[in-house]
Amino acid sequence: MLSQAFTYIWEYRVKPEHVDAFEHAYGPNGDWVKLFKKGTGHISTELHQDINHSDRFITIDCWTSKEAFDKFKKQFQEEFVTLDERFEAFTSAEKHIGDFEGYIEKYQKE
5 MLSQAFTYIW
15 EYRVKPEHVD
25 AFEHAYGPNG
35 DWVKLFKKGT
45 GHISTELHQD
55 INHSDRFITI
65 DCWTSKEAFD
75 KFKKQFQEEF
85 VTLDERFEAF
95 TSAEKHIGDF
105 EGYIEKYQKE
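Under the numbering used here, the sequence shown is numbered contiguously, ending at residue 114.
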């Protein structure tokens, strides 16, 4: 079954001394996901490391809609900014790759 979704992607260059902390904060059980789960509409967060450049990562955050993400960001703005500022020291560069709409396969647990 397919479901429409909103996805945004970020690219990060992570300082070598902060790779472990970055992976913990941005990974599937990290601080960002814990914050996202407080809102309504978060589907998933993926963290990927470039196999050719160990300091390069992307995150892929998926929401039920852009409106759901915008509502979350407004509702949890203070916590969002606090985390963003706290983890800024982990990276030497950050780049917003883009916002995307599309379809994902929706899985139902049996």
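Built from N, CA and C at the ideal position, the CB exists for glycine as well.
Residues that DSSP places opposite residue i in a beta bridge
i, result
"His-46", "Trp-67"
Helix, strand or coil at residue i according to DSSP, with G and I counted as helix
i, result
"Lys-99", "strand"
"His-57", "coil"
"Phe-80", "coil"
heavy atom of the ligand NAP below 6 Å from residue i C-beta
i, result
"Phe-61", "No copy of the ligand NAP appears in this structure; indeed no ligand is present at all."
Top-ranked residue by Cα proximity to residue i, from the options
i, options, result
"Phe-94", "Tyr-12, Cys-66, Val-23", "Val-23"
"Lys-42", "Arg-90, Phe-80, Lys-19", "Phe-80"
"His-100", "Phe-84, Asp-65, Lys-78", "Asp-65"
"Phe-91", "Lys-70, Asp-54, Ala-25, Pro-20", "Ala-25"
Cβ neighbours of residue i in the same chain (closer than 6 Å, five flanking residues each side left out)
i, result
"Glu-15", "Ile-62, Lys-99, Ile-101"
Distance between residue j and residue i (C-alpha atoms, nearest Å)
i, j, result
"Leu-39", "Phe-84", "8 Å"
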